[in-house]
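Notes follow the structure.
Number of protein chains: 2
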Amino acid sequence: MSHTLGIRQAQKQKTRQALLDAALQLLEEQSLSSLGLREVTRAVGVAPTAFYRHFRDMADLGVALVEEALSSLHTTLVALLAATGDGEERIAATVELIVAYVRTHPAHVRFIAREQHGGVQAVRSAIGDQLALFAQEVADQFAQESESAGWDEDDLLMLARMYVDHMVMTASALLEAAPDAEERVAAGARRQLRLVSLGRRHWLDER
Amino acid sequence: MSHTLGIRQAQKQKTRQALLDAALQLLEEQSLSSLGLREVTRAVGVAPTAFYRHFRDMADLGVALVEEALSSLHTTLVALLAATGDGEERIAATVELIVAYVRTHPAHVRFIAREQHGGVQAVRSAIGDQLALFAQEVADQFAQESESAGWDEDDLLMLARMYVDHMVMTASALLEAAPDAEERVAAGARRQLRLVSLGRRHWLDER
DNA sequence: AATCTCGGAGAACAGTTGTTAACTGCATGG
DNA sequence: CCATGCAGTTAACAACTGTTCTCCGAGATT
């Protein structure tokens, strides 16, 4: 199935990736809506017009970055949830996953946090779609657990959204935190997840 | 104490406000880091150089916008919390406050949501400081309630941060929601607050 | 009434931007 | 082996940017 790319298409993907990498790096200190096409091509060392061979405009590149940043997380997250039950173990593993991802892909995390509410509509939508997908997957996993017996479908999705939103918030908080405050942020995130988990256990108490 | 401004200073504040208003409007479709000085002055109908009489640069104007957007909310929020106990009544009132604020000041809300993680460091810090102040005030209020007996100080602040962050998230969600989906978002926010409140009540159960 | 202060205007500056058109050279498919 | 396709280049374009310096005129001060 994986027909080896010709040397031509290989080169194309290489410069395409170089454009994405350069853009991501430049975006650490500004927003997508202020990032210039020439700025990116200059950083890569390629003519400005070469940009058009790969992306229609900056918004298009932004959408590609969303894909790059979030697509790999789906399998990892679902696997993590499937392997753990609702409890201290899952909380620790979730926060550890976030910490690890922020450490290995800080620029991607910053990009998502920044452009989630940023000034480029297409990118906002792309991120929103991805996060909604995450929430749906988390909700599906929750639905299979015994703690969710008797739960409304809407309530489950609401709970899942809280988890996903909380993960994004935690990731962004880790970014801004000084390196020595990292563990403090992680500890706070674990306590917040514990609170939510506690609320989940007593959700059906008063009915 | 309120010595009537001379007609000179009055004019100055008037154009200053016009600059803020114009910037806020232009920011509905872009980020602060891409907003140009000339763009703003053009919208006001004033020479580009007049900008410097009021702000050092765009970041400076951004910080002023943060002040304008959030300063008025402090008293309102604290009064609301003081007037209600932890329960359904407070939840409804809180969400209603958010809905009302988003309806009356949509551009301000969008600005805060966008620039909270935006590309201009000074503005990010200003928003972060304001939100931390909110959290502290909420925590102080919580500390006076009977439900908080036996609570750690750190845990209280953690709970308060959840409330504040949740308010920002809800406000931003309301903005992006279609007008007819507004009530659905509000209902979801109430359920999430209910979950947190439930977690709060059982926080000390297992000790 | 004369002087000072200062918000705003005007013009000019060197750089920058996105986009167009026509080109070059090389991997590719017949 | 040759003709085609196409990633990337070069040059030029009008439009735009932030910032400086000089000036004006009307409110404020004495």
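Chains A and B supply the protein sequences, listed in that same order. 1 is the number of the first residue of the first sequence in the UniProt record's numbering; add one for each residue after it. 1 is the number of the first residue of the second sequence in the UniProt record's numbering; add one for each residue after it. No residue lacks a Cβ here, since even glycine has one placed at the ideal position from N, Cα and C.
Check	Outcome
Residue-level contact to chain B via CB, W203/A, 9 Å cutoff	yes
Chain-ordered chain A contacts of R90/B [CB-CB under 8 Å]	Going along chain A, no residue has its Cβ under 8 Å from R90/B, so there is no contact; the nearest lies around 16 Å.
Distance between A171/B and L32/B (C-alpha atoms, nearest Å)	19 Å
Cβ-based burial, D57/B [other Cβ within 10 Å; buried from 16]	exposed
Three or more C-beta pairs below 8 Å linking the segment 126-141 of chain A and the segment 9-21 of chain B	no
Sequence-distant residues of its chain with Cβ nearer than 7 Å to A43/B (five each side left out)	A22, L26
Beta-carbon contacts of R190/B that lie in its chain and below 6 Å, excluding the five residues immediately before and after	I91, V95
For Q25/A, three-class secondary structure by DSSP	helix
Short CB-CB distance (under 9 Å) between Q141/B and chain A	no
Sequence-distant residues of the same chain with beta carbon closer than 8 Å to A122/B, five excluded per side	A59, D60, G62, V63
Three or more C-beta pairs below 8 Å linking the segment 156-169 of chain A and the segment 190-201 of chain B	yes
Neighbour-count burial assignment, D155/B, 16 or more Cβ in a 10 Å radius	buried
Endpoints, alpha helix (DSSP H) assigned at P106/B	106-115
Whole runs of the alpha helix (DSSP H) within the UniProt DNA-binding region "H-T-H motif" (36-55) of chain A, excluding any shorter than 4 residues	37-44
Interface flag, V95/A vs chain B, CB-CB below 9 Å	no
Proximity test, Cβ basis, 9 Å: G150/A and chain B	no
Other residues of its chain near Q116/B: CB distance less than 6 Å, five sequence neighbours each side excluded	I127
Cβ-based burial, S2/B [other Cβ within 10 Å; buried from 16]	For S2/B, the predicted structure reports a pLDDT of 45, less than 50, and the residue's modelled location is therefore unreliable. The matter cannot be settled from this model.
Assigned secondary structure, E206/B (DSSP; H/G/I helix, E/B strand, else coil)	coil
Neighbour-count burial assignment, H166/A, 16 or more Cβ in a 10 Å radius	buried
Proximity test, Cβ basis, 9 Å: R194/A and chain B	yes
For E147/A and R200/A, believed in contact at Cβ under 8 Å, the rounded distance	7 Å
CB of A107/A within 9 Å of CB of E206/A, strictly	no
Extent of the continuous alpha helix (DSSP H) run through D152/B	Per DSSP, D152/B belongs to no alpha helix (DSSP H) and is neither H nor E.
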